[in-house]
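In what follows, a single structure is set out as structure tokens and then discussed.
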Amino acid sequence: MRSQKKMKLIREIILYTVLTLFSIIFLIPLFWMISTSLKQEAQVMIVPIQWFPKSPQWRNYIDAVKAFPFFRYFWNTSFLAILNVVGTLFSASLVAYSFSKLRWKGRNQLFYITIATMFIPSQVLIIPTYLLFSKLGWVNTYLPLVVPAFCGGGAFNIFLLRQFFVSIPDELLEAARIDGASEFRIYSQIMLPLSKPVLFTVSIFTLLFSWNDFFGPLLYLHDPTKWTLAVGLRSFQQQYTTTWSLLMAASTLTALPLIIMYFVFQRNITSGFALSGSGK
Amino acid sequence: MPKKPKSSFWKRKSLTGYLFATPWIIGLVCFIIGPIFASFFLSFTTYDGINPPKLIGFMNYKILFTLDPSFWKALGNTFYYMFGSVFLKVLLGLIFAVLLNNAGKFMGIFRTIFFLPVVLPAIPVMFLWMMLFNPSSGLLNQFLGVFGINGPLWLNSPTWSKPAFILMSLWGIGGIIVIFLAGLQGISTELYEAAELDGANKIQLFWKITVPMLRPVIFFNIVTGLIGASQVFTEAYVMTGGGPLESTTFVNLMIYKLAFKDIQMGYASAISVVMFMILVPLTVLLFRIYRKQAEF
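So the protein sequences, as listed, match chains A and B.
My numbering numbers the first residue of the first sequence as 1010 and each following residue consecutively.
My numbering numbers the first residue of the second sequence as 337 and each following residue consecutively.
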């Protein structure tokens, strides 16, 4: 019995050592980003490594923000992210309501098609979609990056919302229908308030996705004043190719809003992710 | 007589249904179904984006399969990355999820740390890894140097550039860990207790209970992982430009360069169609899983 207890203790020590070790390994890159952002450029590439900057150069952040139009890109990125969230919330929930609580011919077939499109290898869509936007004269505007969000907001968000809506009992809606409420009213005043958690999950994922999108802005935004942080940072890197301290300062500033958001909404983000991953 | 008002009632209901679904019907047709057909059509043409596309039959495919070694190279690179990254991510993700699941009240803290890189924006993360991969002053090779290992050239070496990308992708393993953790918490502890009473050790428990019980989740992660990894683009575009010696020219980078730099939209479409056909079986598998979940 005693040796069993001892075994358990040893096992726990090994477990926590391994996990702590890997936690440190996982945090080192992030630490390195911040540490580099505070170094003098001459100290960045020196051997042996300098873990902590000798005298933190907070100036790097001011220099980085001045070296490229950071605030403009920050605003552009936020603007696009907000429009994407609004568009997705509105249109995906509307469509999900139709798929879950309204009856119409072809509904199930269309829903199956929707599921099938969730995993379409997107390579095949890029060129024709670009040509479509180009023919519409939308290249170099925000429309290609915003309009799709208002057109259903993607199969996956519809699926996620639909699965949640299905779990809400029909009786709740029937009562309102008998009272003569319109479907839009039932959707907006009964369904949406009951679905706050899943709507929140959808918002956060849309926000993350839009904030991190590189390919879309790269393809559609040619005018530098319209760029987002992702594309702006890339051009900043090409101009200041060896100025790692400034580049890391700008990178830290770009990542910061997401890191803050992560720590505030951590539970929603990880549980939403788990939900999305198990296909339930 | 009572039938008529009922049918008009259902007609009206049906109309509301369509009305609510309209945004998606438009999106589906314009941004997914339409483009798929358009890609197939364009793949049989030569098209520069200005003059109307000219039909040339199977010419693009003929060139692709017989005359263009760079396509095969790109396809090989993409498969290398897809399978390498997904295999390691799923294996290590499962192991870490099991470890975390045993971490009791500290589970939350470890999960927070492992998941953090997943939310970081891609471009800053790539710049960061370019520094870490620096052959002389980068953290990675300095660390290897401690053990007397002369680290490889990573992104500057045709042999090590893809392993470098795979290593970088492992930093984002938190997503898979979280999904596995949710799956693990769904396994009844009674199963483990019963097996332990029968004298099974921890490793047997892992292979005889955990893995079989998680089979659907493992399968799901492999398939979604493969489809996701097949779209690898930004890493190569930002960090290596496809080099050295085309060792990181993935299919999507090739499509991008052909379509938007060389403006060979027809040929680029043919490549995208081939890639699509290769991946469609995976899409069909996922469709089956999801349809079961969504049973009416």
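For every residue, glycine included, the Cβ atom is placed at its ideal position computed from N, Cα and C.
Given a cut-off of 8 Å on the beta-carbon distance, is the pair residue i and residue j in contact?
i, j, result
"PRO1038 of chain A", "LEU452 of chain B", "no"
"ASN1085 of chain A", "THR1237 of chain A", "yes"
"LEU541 of chain B", "ALA531 of chain B", "yes"
"PHE373 of chain B", "ILE1124 of chain A", "no"
"ILE449 of chain B", "PHE1035 of chain A", "yes"
"ASN1166 of chain A", "ALA1239 of chain A", "no"
"PRO1130 of chain A", "SER566 of chain B", "yes"
"ALA1264 of chain A", "PRO457 of chain B", "yes"
"THR1215 of chain A", "ASN1277 of chain A", "no"
"ILE502 of chain B", "LEU428 of chain B", "no"
"SER379 of chain B", "GLN1132 of chain A", "no"
"LEU1098 of chain A", "VAL1155 of chain A", "no"
"ALA606 of chain B", "LEU468 of chain B", "no"
"TYR417 of chain B", "VAL574 of chain B", "no"
"ARG1116 of chain A", "GLY474 of chain B", "no"
"PHE1142 of chain A", "TYR1229 of chain A", "yes"
"GLN478 of chain B", "ILE1058 of chain A", "yes"
"THR585 of chain B", "ASN438 of chain B", "no"
"VAL434 of chain B", "THR546 of chain B", "yes"
Under a Cβ-count criterion, where at least 16 other Cβ atoms within 10 Å of its own Cβ denotes burial, should residue i be classed as buried or exposed?
i, result
"THR560 of chain B", "buried"
"SER524 of chain B", "exposed"
"TRP1060 of chain A", "exposed"
"THR1126 of chain A", "buried"
"ILE368 of chain B", "buried"
"ARG1171 of chain A", "buried"
"VAL1027 of chain A", "exposed"
"PHE1193 of chain A", "exposed"
"ARG1186 of chain A", "exposed"
"ALA1051 of chain A", "exposed"
"GLU526 of chain B", "exposed"
"ASP598 of chain B", "exposed"
"THR1234 of chain A", "exposed"
By how many angstroms is the C-alpha of residue j removed from the C-alpha of residue i?
i, j, result
"SER588 of chain B", "VAL553 of chain B", "It is Asn, not Ser, that sits at residue 588 of chain B in the sequence shown. Between ASN588 of chain B and VAL553 of chain B, the C-alpha separation is close to 28 Å."
"ASN492 of chain B", "LEU581 of chain B", "9 Å"
"MET506 of chain B", "ALA518 of chain B", "One detail in the question is off: residue 506 of chain B reads as Leu in this sequence, not Met. Distance between the alpha carbons of LEU506 of chain B and ALA518 of chain B is about 20 Å."
"ALA1184 of chain A", "VAL514 of chain B", "39 Å"
"VAL1207 of chain A", "SER406 of chain B", "45 Å"
"SER1212 of chain A", "ILE1195 of chain A", "22 Å"
"LYS1205 of chain A", "ASN470 of chain B", "46 Å"
"LYS1048 of chain A", "GLY440 of chain B", "39 Å"
"ASP534 of chain B", "THR619 of chain B", "41 Å"
"SER1280 of chain A", "LYS398 of chain B", "48 Å"
"ASN557 of chain B", "PHE1174 of chain A", "25 Å"
"SER1191 of chain A", "TRP408 of chain B", "57 Å"
"ALA572 of chain B", "PRO617 of chain B", "26 Å"
"PHE555 of chain B", "LEU621 of chain B", "10 Å"
"ALA1283 of chain A", "ILE512 of chain B", "8 Å"
DSSP on residue i, reduced to helix/strand/coil?
i, result
"LEU1111 of chain A", "coil"
"TYR626 of chain B", "helix"
"LYS390 of chain B", "strand"
"VAL1250 of chain A", "Val is not the amino acid found at residue 1250 of chain A; the sequence shown has Thr there. The answer is coil: DSSP assigns THR1250 of chain A none of H, G, I, E or B."
"GLY1288 of chain A", "Residue confidence for GLY1288 of chain A is low, a pLDDT of 44 falling below 50, so the modelled location carries little weight; the figure read from the coordinates is stated next. Three-state DSSP puts GLY1288 of chain A in coil, outside helix and strand."
"THR381 of chain B", "strand"
"ILE372 of chain B", "helix"
"ILE1187 of chain A", "helix"
"ILE1033 of chain A", "helix"
"CYS1160 of chain A", "coil"
"GLY511 of chain B", "helix"
"ASP1072 of chain A", "helix"
"GLN567 of chain B", "coil"
"LYS1017 of chain A", "helix"
"MET337 of chain B", "With a pLDDT of 39 at MET337 of chain B, under the threshold of 50, the predicted position of this residue should be treated as unreliable, and no value is reported."
"ILE1269 of chain A", "helix"
"GLN1059 of chain A", "coil"
Please find out if some non-hydrogen atom of the ligand SAM comes closer than 7 Å to the beta-carbon of residue i.
i, result
"ALA604 of chain B", "Among the components of this structure there are no ligands whatsoever, and the ligand SAM is therefore not found."
Mind checking if residue i is an interface residue toward chain C, Cβ cutoff 8 Å exclusive?
i, result
"ASN438 of chain B", "Of the protein chains in this structure, namely A and B, none is chain C."
**OP:** Could you name the residues of the segment 1208 to 1222 of chain A whose beta carbon sits closer than 9 Å to any beta carbon of chain B, in the order they occur along the chain?
**Re:** So the list reads LEU1217, TRP1220, ASN1221 and ASP1222, given in the order they occur along the chain.
Check: For the segment 351 to 372 of chain B, which residues have a beta carbon sitting closer than 9 Å to at least one beta carbon of chain A?
Finding: Answer set for the segment 351 to 372 of chain B: LEU351, THR352, GLY353, TYR354, LEU355, PHE356, ALA357, THR358, PRO359, TRP360, ILE361, ILE362, GLY363, LEU364, CYS366, PHE367, ILE368, ILE369, GLY370, PRO371 and ILE372.
Between the segment 380 to 410 of chain B and chain A, which residues of the former have CB atoms less than 8 Å from a CB of the latter, in chain order?
-> Cβ contacts with chain A come from GLY385.
Positions along the segment 578 to 601 of chain B whose CB lies within less than 9 Å of some CB in chain A = Flagged, chain order: VAL587, ASN588, ILE591, TYR592, ALA595, PHE596 and MET601.
For the segment 1125 to 1140 of chain A, enumerate the residues whose C-beta is nearer than 8 Å to any C-beta of chain B, in chain order.
Within the segment 1125 to 1140 of chain A, the qualifying residues are ALA1125, THR1126, MET1127, PHE1128, ILE1129, PRO1130, SER1131, GLN1132, VAL1133, LEU1134, ILE1135, ILE1136, PRO1137, THR1138, TYR1139 and LEU1140.
Listed in chain order, which residues of the segment 563 to 574 of chain B have Cβ atoms closer than 7 Å to some Cβ of chain A? Listed by position, the residues of the segment 563 to 574 of chain B near chain A (Cβ gap below 7 Å) are ILE563, SER566, GLN567, PHE569, THR570 and VAL574.
key: chain B contacts from the segment 1104 to 1117 of chain A (Cβ-Cβ distance under 8 Å)   = Using a CB distance below 8 Å, the part of the segment 1104 to 1117 of chain A facing chain B consists of VAL1104, TYR1106, SER1107, PHE1108, LEU1111, ARG1112, TRP1113, LYS1114, ARG1116 and ASN1117, ordered along the chain.
Check your understanding: Listed in chain order, which residues of the segment 1026 to 1051 of chain A have Cβ atoms closer than 8 Å to some Cβ of chain B?
Key -> Residues passing the 8 Å Cβ filter: VAL1027, LEU1028, PHE1031, SER1032, PHE1035, LEU1036, ILE1037, PRO1038, LEU1039, TRP1041, MET1042 and THR1045.
- Near-chain A residues of the segment 448 to 459 of chain B - C-beta to any C-beta below 9 Å: Residues of the segment 448 to 459 of chain B with a C-beta atom less than 9 Å from some C-beta of chain A are THR448, ILE449, PHE450, PHE451, LEU452, PRO453, VAL454, VAL455, LEU456, PRO457, ALA458 and ILE459, listed in chain order.
Interface residues of the segment 410 to 436 of chain B facing chain A [CB-CB below 9 Å]: Those would be PHE432, LEU435 and LEU436, in chain order.
query = According to a CB-to-CB cut-off of less than 7 Å, which residues of the segment 473 to 505 of chain B neighbour chain A?
reply = So the close ones are SER473, LEU475 and GLN478.
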